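K.L.:
In the working numbering, the protein residues as written are 60 to 654. The beta carbon of each residue, even a glycine, is placed where N, CA and C say it ideally should be. Being a predicted model, the structure only gives us computed values, none of them experimental.
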Amino acid sequence: MQEKVKFVEGNVDWRGNTARKDKHGGMGVSSLILGMFAFEHMATFGLAVNLITYYTGVMHFSIANAATQLTNLLGTSYIITIAVAFLADTYVGRYKAVLLAASVEFLGLGLLALQAHYPKLKPPLCNIYDKNSHCVQVSGTKAVLLFVGLYSAAIGFGGIKAALPSHGADQFEDKDPKEEGQRSSFFNWLLLARCLGGAISLTVFVWIQDNKGWDWGFFASTMAMFCGLLIFASGIPRYRIHVTNGSSALSEIVQVYVAAIRNRKLDLPDDFNDLYEINNNREAANQSEVLPHTNAFRFLDKAAILTTSTQNSERPNPWKLCRVTQVENAKIILNIVPIFCCTTIMTLCLAQLQTFSIQQGITMDTSMTKNFNSPPASIAVLPVLFLIIGVPLYDRIFVPFARKLTGIPTGITYLQRVGVGLILSSLSMAAAAIMEVKRKRVARDNNMLDSIPLLQPPLPISVFWLSFQYFIFGIADMFTYVGLLEFFYSQAPKDLKSLSSCFLWSSMALGYFLSTIIVRIVNSATKNITGSGGWLAGNNINRGHLNLFYWLLSFLSLFNFCIYLFVSSRYKYRKVSPDSANESSRVHELQIVQD
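Listed below in structure tokens is the structure:
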């Protein structure tokens, strides 16, 4: 009796043996990766939304300062993904990077729980909304302890974001049509896992933070992170593991730009076949992806021009001569940059829902029943609940239906999906502006413009009015989040797959940092033309002009969408290597005879 055993070339198991398709990878083991992602978001999702109340209520930052502190923290957590992904791709390996990052995040959350538990480690109790109070902002060793815990958690958060999605994608074979479709579904389920974990975090964990204390809230997050770590580790024997080779794909990209500049005075050959490549050496070619030459960004082709000195050298200087595949990889990255830049504005809008919208909710009526009040940050769970329902419907109903109409495996193209999300983010900010006008009108009509939140009765308007802006942005997130993950992963060079997800996270990082900058610019520009000292100045948002700030972001988002339409319409998807196109799969078969 003969049985065909399929091996996955280029991937190994945890012992270093070539991965077997029947024992390693696939949808089954990817569920453990999804479980890890869900628990990680259970630990952090609520913090990203509710942490501003910890900054203001416990550590006594002003509202604007708390908002910038939070966006700086989130921006750092996402920008760190570049360094982690570089190490994961080059030296550490993706699954090891996930384990290390999860451990660091676990320790950071534990440190925050410790500080929140002991009064000596935080400032004295005080209400910053009361003009007569003299609150002391956290400083000295207490501030050091706070930021060590926060940024340790942020580093772990960023590390998981960098390596986990790509490690999950590694569980599916690129050239297997069935597994390629499963990989697309995996990215959709990744969003669903994020939403499931986020829903628990935004309800149960946020309620614990607001009603049982921040020490218990951070402890719950710490335990969730520990559970996620255990779930992920349990799948190690069954993972397909990407093999690192110790070389830096990112360095090879930089080498192209340097070599092109150094060779700028050289003339390009008439035949691109005269450019340097290793495809004539089959053994060398098999070690890396070989890409066909394209005519885009021709000035980069000068990095592959052979000269007399480089032709006679056995080992050409990589900073003077690069392979055509290297050049094409650099072109791919350069081609992605305009799309990347257009997606930062969406995170700029998200940052406001995580900061100023929470401050709006603190002033509003949060009661759901006579005996139960919903934490303001929990309003963000409504779009998450929609996504929990919407993602399976999108994946199981919309995509198959659209696939029949368009012939595209994903239903609609990645860039079309992203475009839908971008225009919806503009509508979300417009809805936020309208809701803020309504909220301030209620405050004015009831003579409550100077009421003190938490000490005096809330405004007679339900916090659920804010659900409109969250709901619209939730739909935008469903389209853009997965669309960008799939787009960057599919377009990135083979050796930059982990870094591909970092395009999304880095875009979010820039959006958060941009939020910090814009808040400061807006306050500075409007300081002398408003009675409140700036649109977003002070701790009384009833006297501010948050509605005008939302309108500004809505128009910026609309303008950004117009630019995106122009950029995306000119984008050329990467070509597949001729060798790869001729091969149905990288999986090879081995005949095993069983007695």
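1) Going by the CB atoms, is the gap between tryptophan 248 and leucine 481 shorter than 7 Å?
2) In chain order, which continuous runs of the beta strand (DSSP E) of length 3 or greater are located wholly inside the region 518–599?
3) Since asparagine 601 contacts threonine 422 with CB under 8 Å, what's their CB separation in whole angstroms?
4) My output table needs one value for leucine 388: the three-state DSSP class, helix, strand or coil.
5) Please return the same chain residues whose Cβ sits closer than 8 Å to the Cβ of lysine 56, not counting the five positions on each side in sequence.
6) Taking the alpha-carbon positions, what's the leucine 612 to histidine 100 distance?
7) Quickly, what does DSSP pair histidine 226 with across the bridge? List them, please.
8) Excluding the 5 residues flanking leucine 327 on each side, which residues of the same chain have their C-beta closer than 8 Å to its C-beta?
9) Quick check on serine 192: does DSSP put it in helix, strand or coil?
10) On the three-state DSSP scale, how would you describe threonine 414?
11) Is it the case that the Cβ atoms of glutamine 418 and isoleucine 122 are separated by a distance below 7 Å?
12) Quick check: does the Cβ of aspartate 509 come within less than 6 Å of any heavy atom belonging to the ligand PLP?
13) Name the DSSP bridge partner or partners of valine 263?
14) Counting along the chain, where does the alpha helix (DSSP H) carrying alanine 319 start and finish?
15) If you draw a straight line from the alpha carbon of alanine 144 to that of lysine 181, how long is it in whole angstroms?
16) With the cut-off set at 7 Å, would you say tryptophan 266 and alanine 318 are in Cβ contact?
17) Please say whether tryptophan 273 and alanine 175 have beta carbons closer to each other than 7 Å?
18) Residues in its own chain within less than 8 Å of leucine 59 by CB, not counting five upstream and five downstream?
19) Any chance the region 364–374 sits against the region 533–541, with 3 or more Cβ pairs inside 8 Å?
20) Going by C-alpha to C-alpha distance, which of Asn587, Cys381 and Ala283 sits closest to leucine 334?
21) With a cut-off of 8 Å on the beta carbons, I'd call asparagine 131 and threonine 575 a contact; round off their distance for me.
22) How many angstroms separate the CA atom of asparagine 340 from the CA atom of leucine 350?
23) Starting from the N-terminal side, write out each stretch of the alpha helix (DSSP H) that is 4 residues or longer and does not extend beyond the region 115–160.
24) Is the Cβ-Cβ distance between alanine 160 and glycine 218 less than 7 Å?
25) Return the first residue and the last residue of the alpha helix (DSSP H) that threonine 77 is part of.
26) Output needed for leucine 508: all residues of its chain with C-beta closer than 7 Å, excluding positions within five of it in sequence on either side, in chain order.
27) Using the C-alpha atoms, what's the distance from glutamine 196 back to glycine 38?
28) Using only alpha-carbon positions, find the residue among Leu251, Leu250 and Phe277 that is nearest to valine 263.
29) Only counting the same chain, and skipping five residues up and downstream in sequence, which positions put a Cβ closer than 6 Å to that of glutamate 387?
30) Within a Cβ cutoff of 6 Å, which residues of the same chain sit near glutamine 346, ignoring the five residues on either side of it in sequence?
31) Would you kindly report the start and end of the unbroken alpha helix (DSSP H) that includes valine 458?
32) Would DSSP call phenylalanine 231 helix, strand or coil?
33) Apart from the five residues on each side of it in sequence, which residues of its chain come closer than 6 Å, Cβ to Cβ, to aspartate 72?
34) Determine whether the beta carbon atoms of asparagine 619 and isoleucine 404 lie at a separation below 7 Å.
35) From the DSSP output, in three-state form, read off serine 426 for me.
36) Buried or exposed: which applies to alanine 584, given that a residue is buried once 16 or more other Cβ atoms fall within 10 Å of its Cβ?
P.N.:
Answer, in terms of the structure:
1) Against a cut-off of 7 Å, the Cβ pair of tryptophan 248 and leucine 481 comes out as no contact.
2) Along the length of the region 518–599, whole beta strand (DSSP E) runs at least 3 residues long occupy 518–521, reported in chain order.
3) 7 Å
4) According to the sequence provided, residue 388 is asparagine. The question's leucine does not apply to it. Looking at asparagine 388 - three-state DSSP - the assignment turns out to be helix.
5) An answer regarding residue 56 cannot be provided, because it is not within the stretch 60 to 654 covered by the chain.
6) 27 Å
7) Residue pairing by DSSP leaves histidine 226 without any beta bridge partner.
8) Arg357, Asp360, Lys361 and Ile364.
9) coil
10) coil
11) yes
12) Annotation note on the ligand PLP: not contained in the displayed structure, which lists no ligands.
13) Partner(s): none; valine 263 has no beta bridge.
14) Here the alpha helix (DSSP H) through alanine 319 covers 308–321.
15) 35 Å
16) no
17) yes
18) One cannot answer for residue 59 here, as it falls past the ends of the chain, which runs 60 to 654.
19) no
20) Cys381
21) Asparagine 131 to threonine 575, Cβ: 6 Å. Contact.
22) In this predicted model, asparagine 340 has a pLDDT of only 46, less than 50, meaning its place in the structure is not dependable; the value taken from the coordinates is given anyway. Their Cα atoms are separated by approximately 14 Å.
23) 122–146
24) yes
25) No alpha helix (DSSP H) contains threonine 77, which is instead part of the beta strand (DSSP E) from 77–79.
26) Closer than 7 Å at Cβ, skipping near neighbours: Ala502, Asn601 and Arg602.
27) Because residue 38 is not part of the residues shown, which for the chain are 60 to 654, the question remains open.
28) Phe277
29) Scanning its chain for C-beta atoms nearer than 6 Å, with the 5 sequence neighbours on each side dropped, one finds around glutamate 387 the residues Leu350, in chain order.
30) Note that glutamine 346 scores a pLDDT of 48, beneath 50, so its modelled location is shaky and nothing firm can be said.
31) For valine 458, the enclosing alpha helix (DSSP H) has its first and last residue at 458–465.
32) coil
33) Ala78 and His83
34) yes
35) strand
36) Exposed: under 16 other Cβ atoms inside 10 Å.
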